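Listed in order, the protein sequences are those of chains A and B. Just so we're aligned, residue 1 is where the first sequence starts under my numbering, counting upward by one. Just so we're aligned, residue 291 is where the second sequence starts under my numbering, counting upward by one.
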Amino acid sequence: MPSLKDLKNRIESVKSTRKITKAMQMVAAAKLRRAQDAAEAARPYSERFNAVMASLAASVGGSDTAPRLLAGTGSDQVQLLIVMTAERGLCGGFNSSIVKLARQKAAELKAAGKTVKILTVGKKGREQLKRDLGDLMIGHVDLSEVKRVGYDNAQAIAKDVLARFDAGEFDVATIFYAQFQSVIAQLPTAQQIIPAQFDDAGEENGPLYDYEPSEEAILADLLPRGVATQIFAALLENGASEQGARMSAMDNATRNAGDMIDQLTIEYNRSRQAVITNELIEIISGAEAL
Amino acid sequence: MADMVQFDLVCPERSLASGKASEVLIPGAEGELTAGPGHEPMLTTLRPGFLRAELEGGAKDFVVTHGFVEVSAESVSVIAERAFAAADVARPDLEAILSEARERMEQAAEDEERHGLERFVADLVHLIDQMD
């Protein structure tokens, strides 16, 4: 049985841990607000962008002259997985769930005889994937110095990916990130970005547009930007998800620390009483012996 | 209102302006155009330049660099990759974009891409000159 002093030290240490997790939870809550605002502010752009792209793609998609970013290279042999995770840990299962999804997909593709290449964004994902899939990695994007993810960051990643695509390094690219649903739920998602896919492609209900320059020219101009837009949206979703996951993880940790303190305090009090009882017995039996 | 269009200007990080406008002057890829109510639906890409919207509260100027515009009879949606309100655009911002574009132009091998970038740079230089 631990001594009173040990128990007391233990309680103090759990208390200070609780202070830290509580503080982290509050920081995450503040950051979550900001991340959600950023995601909210970016939504109109990506929605409109995708709507226009979808209608353009629907009208041009069928033709033989469709750009490679839309039509693909005609093969799906080499697959690039872009795994986007956080730069920091202590956010529950956030990083692991994205990595798990990516790993599953990689295993599936390998089983189907495809070549898999991995590009990681965020340190945590790379650390986890390095162990078993390290030889498939072709690059890493470090965002640890970035305080606030901007469109420029997404553009830089897109530029890298597009350069690799032009160089024929892969045929299909898929991004992995977590979609923010609520503070307690983040949905790991895989989304194919090259060749571009649109949810409502083929659905033509918009007005007939005049195009200036031609449809093909606009599409060729917009497709590379679409890649950046999708990466940007994913980065923002990921940012909000990370903070949400961290907030709930830290909330749990704070609660657990509280429970532990209660338990330890009970144990402490019991041992204290036992010591007092012991001393009393000793005194009484001593007095009786006289 | 029949003589107004819904005007929206969005860029990737935020929505810059939204409101009713009587007409919008757009720096389109193939020349400037003014879009007002009842305009033929069209889609055009942007080139660097000034965009002026006659909003209800008065005219507002913006500087846009790249993106596209969706015009319909009732709305004008500008989807710009980079956009600033003309009042708070700073020359260094534009010059940074310019030097980046120049760099890309140097590297660009394909004729078509190079041609596009050259035009982009020329437009941007023109835009910066206009600012003074």
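The C-beta atom is built at its ideal place from N, Cα and C for all residues, glycine as well. This structure is a prediction, so every number in the text was calculated from the model and none was measured.
Alpha-carbon spacing of residue i relative to residue j, whole angstroms
| i | j | result |
| --- | --- | --- |
| ASP43/A | CYS301/B | The displayed chain sequence assigns Arg, not Asp, to residue 43/A. Taking the straight line from one Cα to the other gives about 10 Å. |
| ASP37/A | LYS5/A | 49 Å |
| SER59/A | GLY93/A | 42 Å |
| ALA29/A | ILE261/A | 24 Å |
| THR334/B | GLY321/B | 10 Å |
| ARG88/A | LYS123/A | 7 Å |
| ALA107/A | ALA253/A | 33 Å |
| LYS110/A | ALA178/A | 23 Å |
| THR21/A | MET250/A | 5 Å |
| GLU212/A | ARG48/A | 18 Å |
| GLU346/B | SER214/A | 33 Å |
| LYS100/A | LEU236/A | 20 Å |
| ARG291/A | PHE170/A | Residue 291/A lies beyond the residue range present for chain A, which begins at 1 and ends at 290; the question has no answer from this structure. |
| LEU280/A | LYS8/A | 23 Å |
| LEU417/B | GLY113/A | 53 Å |
| VAL146/A | ALA35/A | 14 Å |
| VAL275/A | SER16/A | 27 Å |
| GLU330/B | ALA220/A | 23 Å |
| VAL183/A | ALA156/A | 29 Å |
| GLN420/B | ASP378/B | 15 Å |
| ALA167/A | VAL27/A | 43 Å |
| LYS228/A | ALA154/A | Residue identity differs from the one stated: residue 228/A is Ala in this sequence, not Lys. Spanning the two alpha carbons is a distance of roughly 6 Å. |
Contact with chain B by residue i, beta-carbon distance below 9 Å
| i | result |
| --- | --- |
| ALA38/A | yes |
| ARG48/A | yes |
| ILE218/A | yes |
| ALA42/A | yes |
| TYR177/A | no |
| GLU212/A | yes |
| ARG103/A | no |
| GLY150/A | yes |
| VAL52/A | yes |
| ALA154/A | yes |
| LEU222/A | yes |
| TYR45/A | yes |
| GLU203/A | For GLU203/A, the pLDDT reaches just 48, beneath the cut-off of 50, and the residue's location in the model is therefore unreliable, although a value from the coordinates is still provided. No, because no Cβ of chain B sits closer than 9 Å to the Cβ of GLU203/A. |
| LEU208/A | yes |
| LEU7/A | no |
| LEU56/A | yes |
9 Å Cβ cutoff, residue i in contact with chain A
| i | result |
| --- | --- |
| HIS405/B | no |
| LYS350/B | no |
| GLU346/B | no |
Residues near residue i by beta carbon distance below 6 Å, same chain, minus five either side
| i | result |
| --- | --- |
| GLY326/B | GLU313 |
| GLN230/A | ILE193 |
| ALA102/A | LEU81, VAL83 and PHE176 |
7 Å CB neighbourhood of residue i in its chain, flanking five on each side removed
| i | result |
| --- | --- |
| LYS31/A | GLN243 |
| GLY202/A | Confidence is the limiting factor: at GLY202/A the pLDDT is only 47, short of 50, which leaves the residue's position unreliable and the question unanswerable from this model. |
| LEU223/A | PRO67, LEU69, LEU70 and ALA196 |
| GLN181/A | LEU187 |
| SER144/A | GLU87 and LYS123 |
| LEU299/B | LEU306, ALA307, PHE352, VAL368, ALA370 and ALA373 |
Reduced DSSP secondary structure (H/G/I, E/B, other) of residue i
| i | result |
| --- | --- |
| GLU169/A | coil |
| ILE218/A | helix |
| GLY93/A | coil |
| GLY74/A | coil |
| ASP210/A | strand |
| ASP298/B | strand |
| VAL368/B | strand |
| ALA319/B | coil |
| THR229/A | helix |
| ILE82/A | strand |
| PHE176/A | strand |
| ASP160/A | helix |
Own chain residues within Cβ distance below 8 Å of residue i, not counting five before or after
| i | result |
| --- | --- |
| GLU371/B | CYS301, PRO302, THR355, HIS356 and GLY357 |
| ARG394/B | LEU407 |
| SER241/A | PHE94, TYR177, ALA178, GLN179, PHE180 and GLN186 |
| ARG342/B | VAL314, LEU315, ALA349, LYS350, ASP351 and PHE352 |
Residue-chain proximity (residue i, chain E), Cβ-Cβ < 9 Å
| i | result |
| --- | --- |
| LEU143/A | Absent from the structure: chain E. Protein chains present are A and B. |
Checklist entry - Going along the chain, which residues of the stretch 354 to 369 of chain B sit with their C-beta nearer than 9 Å to a C-beta in chain A? => result HIS356, GLY357, PHE358, GLU360, VAL361, SER362, ALA363, SER367 and ILE369
Next on the checklist: Along the stretch 321 to 338 of chain B, where does the CB come closer than 9 Å to a CB of chain A? Name the residues.
Outcome noted: GLY321, LEU323, GLU330, PRO331, MET332, LEU333, THR334 and THR335
Next on the checklist: Please list, in chain order, the residues of the stretch 305 to 319 of chain B that have any C-beta partner in chain A closer than 8 Å.
Outcome noted: SER305, GLY318 and ALA319
Checklist entry - Which of the residues in the stretch 292 to 304 of chain B, read from start to end, lie with their CB under 8 Å from any CB of chain A? => result ASP298, VAL300, CYS301, PRO302, GLU303 and ARG304
Checklist entry - Quick one, which residues of the stretch 369 to 398 of chain B are near chain A if we go by CB-CB under 7 Å, in chain order? => result ILE369 and GLU371
Checklist entry - For the stretch 224 to 241 of chain A, which residues have a CB atom closer than 7 Å to at least one CB atom of chain B, in sequence order? => result ARG225, THR229 and PHE232
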